[in-house]
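Step one of this worksheet: look at the structure below.
Chains as they are written, first to last, in this note's numbering: chain L, -5 to 655; chain A, 162 to 319.
Here it is, written out as structure tokens:
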């Protein structure tokens, strides 16, 4: 009964989606307020029905209703409750339902919080949002129905892919989808603006909070995925340039560019057409990402769908929205008014520089990911494009970009003084140079490039602080004034500095991996091995029984300078229901650095192969992403972005407190 | 529950334990040579896996390739000779960084091309707008003359 309810709720959502796709557009054309407002009600109702449908599926999973095919394929009665819930989206059908749940959630939020939007714009935005939703409802109902029944119902499920039975994976897809799907709002706004043929700075002000929110989720989502791969796949790497990872990196790069160009548009009414194009491209890349993962066009560790019918359907959605969006852009964009002039050396200029490098970096990832597919399709030749290619092409683009980061916020709008800014950044550059020297002094000449990377990271961090120090008048003014100025500083300024600091932390973490050390050895019980000043002694093997697996763990005592600092227990889990084994690495954090231990084969003589890593500063890679997200959150809480535009009087008061930008 | 756990345990003991990317026994005694082998392994694709280098892969084929690389290195091959040998055997598919050739022209070329085109486009756009806030363009000679003429024409009226 419950699966049928869920199925029916989804059909109803589709019907509402169809209504919302058409009626508000007609309303906007005829300036019929009643028709336009209908979109708001249907958007909320759509969300309610999709949520009901999602709830129904969740109930099926939680109660282990194996008469539902998707539950049978991906769940097991012995699984802990948390994984029963996460396996709802740990499979193709359920993850698509999560996709539309988030899509309809964003639609409902626009309907509820978009009261200050002009009626026609809101109606068009909701209609476009509904076109996307309708396409995906159809996709689910026609090709990937999660509520399909089995008769007779099997007694036990096949279990969730053990590699996915992990808490990191519980949060990774929802965050990633919040990011992907959040960009649909920017897309809908762009298409609505093109339909109306009108776009202004206010548009950017409406779009920016949505983009920012989506970007924050995507940032953490990508980082989460990277951390999950780091500890779960047992190779100790944090980024593999796997097509599925690239699929999430591309929208992130484009979304970051969009975030920056929207600032220019909001503040200076410039780059309007470019911002529109980026909004369309960012969501298009999210769709491409969904296509790459869901169609099974690239089979990789993450992929769990490989049905060509689905692939063709998603491809059709892709062509419809990307092709349609870009055609509309090509047709209508030349009619939009350009505005806002600026000199090449200016805040705007710096943001254009940012956009140029971010979009080129995005292009590199795009070409590298899809080239082998295209080449094989057209010529039949097979080539591989892997990590060595991306490292070689991506890094040269990111280095100048990172170098420019501290300059941007210090440059004035319209016309900036680059020499003056360079002068103000002297202290930051000094910090960078000291870091380079320190890098060489500590590590010697093991790697020539890495110390420069460290220097760059410190330069960016110090640059972000310089911006704050200057604006608050720290070290120059009495502490009370500084406090007042710090409070008066727009939250978005804090956000910028914090986010830039975060990306530098990530860079620092990545560069430090140059000095990661590794040892691969076979150890017998009571033997020990040394790495980077740590001593690992193997105490023996132990057996544990988990709820739906059995675990063989090796106990290690870790000593530093002869003093025991803790135990590490890397293990292997065997899942009988799927006859597979996963490697569970043991991690021990020492500050931001980590010790990483993973198990290999047991040899006949009782010894066991282990892999030990010392990863200096590795946690910074993901902490940096969290800091970036916090920067985004600060910026989002800015009164100027808050929903319900500030009243002129309040704005005046705020303006008085702010130092000149 | 208990029955299930013991079955699972039994299965775990009976199941062949999965192989491990680089195992201790396949490593070379000479650290310099081993380091070269590792570096080369990261450039080579495990052909039965999706997008994994033979250094990361647990597949038996990857192990064979790792041993092959080490064998060639101990025989005194240069890095390039090892790669050439593998390409001759398995085709360019084995290289994770494809060589710059006719069929990879776009792969390597598109990014720098886009960057250069973007820069040129921006320079042209900046030039085409002489009225930009930065540099109010100075009047040309003919404009100066016209201005002078206008001023002169207006002057007698006052």
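A virtual CB, placed ideally from N, CA and C, is assigned to each residue, including glycine.
Worksheet item: Residues of chain A with CB under 7 Å from residue 266 of chain L, in chain order?
Response: As a first step, residue 266 of chain L is located in the first chain; it is residue number 272 there, counting from the start. Ordered by position in chain A, no residue passes the 7 Å Cβ test against residue 266 of chain L, which lies about 14 Å from the chain.
Worksheet item: Which residue from L:165, L:311, L:361 and L:70 puts its Cα closest to that of residue 212 of chain L?
Response: In the first chain, residue 212 of chain L corresponds to position 218, counting from 1. For residue 212 of chain L, the nearest C-alpha among the options comes from L:165.
Fill in: For residue 552 of chain L, the first and last residue of its enclosing alpha helix (DSSP H)
Along the first chain, read from residue 1 onward, the residue named residue 552 of chain L stands at position 558. Element bounds for residue 552 of chain L: not the alpha helix (DSSP H) but the beta strand (DSSP E), 544 to 554.
Practice prompt. Identify every run of the beta strand (DSSP E) within the region 207 to 244 of chain A, keeping only runs that are complete inside it and at least 3 residues long; order them along the chain.
Written response: none
Fill in: chain A within 7 Å of residue 236 of chain L, Cβ atoms only
Your numbering for residue 236 of chain L matches position 242 in the first chain. Yes, residue 236 of chain L lies at the interface with chain A (some Cβ there is under 7 Å from its Cβ).
Practice prompt. Please go through the same chain and pick out, in chain order, the residues whose beta-carbon is closer than 6 Å to the beta-carbon of residue 133 of chain L, but skip the five residues on each side of it.
Written response: As a working mapping, residue 133 of chain L is identified with position 139 in the first chain. 307, listed in sequence order.
Worksheet item: Within the 7 Å Cβ cut-off, does residue 10 of chain L reach chain A?
Response: For the purposes of this step, residue 10 of chain L is taken as residue 16 along the first chain, with counting starting at 1. Not one chain A Cβ lies under 7 Å of residue 10 of chain L.
Item to complete: Check the Cβ-Cβ distances between residue 314 of chain A and every residue of chain L, and say whether any is below 7 Å.
Response: As a first step, residue 314 of chain A must be located in the second chain, where it is residue number 153. Not one chain L Cβ lies under 7 Å of residue 314 of chain A.
Fill in: Opposing strand residues paired with residue 596 of chain L [DSSP bridges]
For the purposes of this step, residue 596 of chain L is identified with residue 602 of the first chain, where counting begins at 1. Looking at the DSSP assignment, residue 596 of chain L forms a beta bridge with L:602.
Discussion item. Threshold first: 4 residues or longer. Then list the alpha helix (DSSP H) segments lying entirely within the region 230 to 315 of chain L, N to C.
Written reply: 237 to 262, 266 to 289 and 302 to 312
Discussion item. Just verifying my parser: in three-state terms, what is the DSSP assignment at residue 530 of chain L?
Written reply: Here the question's residue 530 of chain L lines up with position 536 in the first chain. Of the three classes helix, strand and coil, the one that applies to residue 530 of chain L here is strand, per DSSP.
Discussion item. For residue 483 of chain L and residue 318 of chain L, I'd like the C-alpha separation in whole angstroms.
Written reply: Numbered from 1 along the first chain, position 489 holds the residue referred to as residue 483 of chain L. Numbered from 1 along the first chain, position 324 holds the residue referred to as residue 318 of chain L. Residue 483 of chain L and residue 318 of chain L: Cα-Cα distance of roughly 42 Å.
Item to complete: Quick one: list the residues of chain A neighbouring residue 514 of chain L, beta-carbon separation under 9 Å, in chain order.
Response: Residue mapping note: residue 514 of chain L aligns to position 520 of the first chain, counting from 1. Within 9 Å Cβ-Cβ: 181, 182, 183, 184, 185 and 188.
Worksheet item: Which residues of chain L have a Cβ atom closer than 8 Å to the Cβ of residue 254 of chain A, listed in chain order?
Response: Indexing the second chain from 1 puts residue 254 of chain A at position 93. By Cβ distance, chain L contributes 376, 377 and 378.
Discussion item. Does the structure place the region 135 to 143 of chain L close enough to the region 81 to 91 of chain L that three or more beta carbon pairs sit under 8 Å?
Written reply: yes
Item to complete: For the beta strand (DSSP E) containing residue 281 of chain A, list its first residue and its last residue.
Response: Reading the second chain from its first residue, position 120 is the one you call residue 281 of chain A. Where residue 281 of chain A is concerned, there is no enclosing beta strand (DSSP E), although the alpha helix (DSSP H) it sits in stretches over 266 to 289.
Worksheet item: Mind listing which residues of the region 579 to 597 of chain L have their C-beta closer than 9 Å to chain A's C-betas, in chain order?
Response: 592, 593, 594, 595, 596 and 597
Practice prompt. Check distances from the C-beta atoms of the region 354 to 378 of chain L to those of chain A and list, in chain order, the residues that come in under 8 Å.
Written response: 354, 357, 358, 361, 362, 365, 369, 373, 375, 376, 377 and 378
Worksheet item: Short check: CB of residue 153 of chain L to CB of residue 572 of chain L, under 7 Å?
Response: Looking up residue 153 of chain L in the first chain gives position 159. Looking up residue 572 of chain L in the first chain gives position 578. Going by C-beta atoms, residue 153 of chain L is nearer than 7 Å to residue 572 of chain L.
Discussion item. Which runs of the alpha helix (DSSP H) at least 4 residues long sit entirely within the region 56 to 88 of chain L? Give them in chain order.
Written reply: 63 to 68 and 75 to 80
Worksheet item: Between residue 39 of chain L and the rest of its own chain, which residues show a CB-CB distance below 6 Å, the 5 nearest in sequence each way excluded?
Response: One-based indexing of the first chain puts residue 39 of chain L at position 45. Closer than 6 Å at the Cβ level, and outside the excluded window around residue 39 of chain L, lie 10.
Discussion item. So, under 8 Å CB-CB, residue 182 of chain A and residue 232 of chain A are touching, yes? Tell me the CB distance rounded to an integer number of Å.
Written reply: As a working mapping, residue 182 of chain A is identified with position 21 in the second chain. As a working mapping, residue 232 of chain A is identified with position 71 in the second chain. The Cβ separation is near 18 Å, so there is no contact.
Worksheet item: Which ranges does the alpha helix (DSSP H) cover as unbroken runs of at least 4 residues, wholly within the region 424 to 495 of chain L, from first to last along the chain?
Response: 443 to 466 and 473 to 482
Worksheet item: Mind pulling the chain A residues with CB within less than 7 Å of residue 445 of chain L?
Response: The residue labelled residue 445 of chain L in the question sits at position 451 within the first chain. The premise fails here: residue 445 of chain L is roughly 20 Å from chain A at the closest Cβ pair, so nothing lies under 7 Å.
Worksheet entry | Sequence-distant residues of the same chain with beta carbon closer than 6 Å to residue 21 of chain L, five excluded per side | Position 27 of the first chain, counting from 1, holds the residue named residue 21 of chain L. Correct list, in chain order: 29, 30 and 117.
Worksheet entry | Validate contact between the region 369 to 383 of chain L and the region 198 to 208 of chain A using beta carbons, cut 8 Å, 3 pairs | yes
Worksheet item: Does DSSP classify residue 116 of chain L as helix, strand or coil?
Response: Mapped onto the first chain, residue 116 of chain L falls at position 122. Of the three classes helix, strand and coil, the one that applies to residue 116 of chain L here is helix, per DSSP.
Worksheet item: Taking buried to mean at least 16 other C-beta atoms within 10 Å of its own C-beta, is residue 342 of chain L buried or exposed?
Response: As a working mapping, residue 342 of chain L is identified with position 348 in the first chain. Burial call: buried.
Worksheet entry | Contact the region 122 to 132 of chain L vs the region -2 to 17 of chain L: 3+ CB pairs below 8 Å | yes
Worksheet item: Apart from the five residues just before and just after residue 422 of chain L, which ones in its own chain have a Cβ nearer than 7 Å to its Cβ?
Response: Residue numbering aside, residue 422 of chain L sits at position 428 when the first chain is read from its first letter. The residues are 400, 453, 456, 457 and 460.
Discussion item. So with CB distances below 9 Å, who are the chain L contacts of residue 217 of chain A?
Written reply: Along the second chain, read from residue 1 onward, the residue named residue 217 of chain A stands at position 56. Those are 227, 229, 231 and 234, listed as they occur along chain L.
Worksheet item: Whose C-alpha, out of L:61, L:204 and L:547, is nearest the C-alpha of residue 97 of chain L?
Response: Against the first chain, residue 97 of chain L aligns to sequence position 103. Looking at the Cα atoms, L:204 is the closest of the given residues.
Worksheet item: From this set, L:74, L:161, L:336 and L:349, which residue's C-alpha is nearest residue 249 of chain L's C-alpha?
Response: For the purposes of this step, residue 249 of chain L is taken as the residue at position 255 of the first chain. Checking every option, the nearest Cα to that of residue 249 of chain L belongs to L:349.
Practice prompt. Step through the CB atoms of chain A and report whether any lies within less than 7 Å of the CB of residue 80 of chain L.
Written response: Position 86 of the first chain, counted from the first residue, corresponds to residue 80 of chain L. Taking Cβ atoms only, chain A never reaches closer than 7 Å to residue 80 of chain L, which makes this a no.
Worksheet item: Can a CB atom of chain A be found closer than 7 Å to the CB of residue 603 of chain L?
Response: The residue labelled residue 603 of chain L in the question sits at position 609 within the first chain. Yes - at least one Cβ of chain A is within 7 Å of the one on residue 603 of chain L.
Item to complete: Would you please state the rounded distance, in angstroms, between the beta carbons of residue 523 of chain L and residue 536 of chain L? I believe it to be under 8 Å.
Response: Start at 1 with the first residue of the first chain, and residue 523 of chain L comes out as number 529. Start at 1 with the first residue of the first chain, and residue 536 of chain L comes out as number 542. Actually they are not in contact, since the Cβ atoms of residue 523 of chain L and residue 536 of chain L sit about 19 Å apart, beyond 8 Å.
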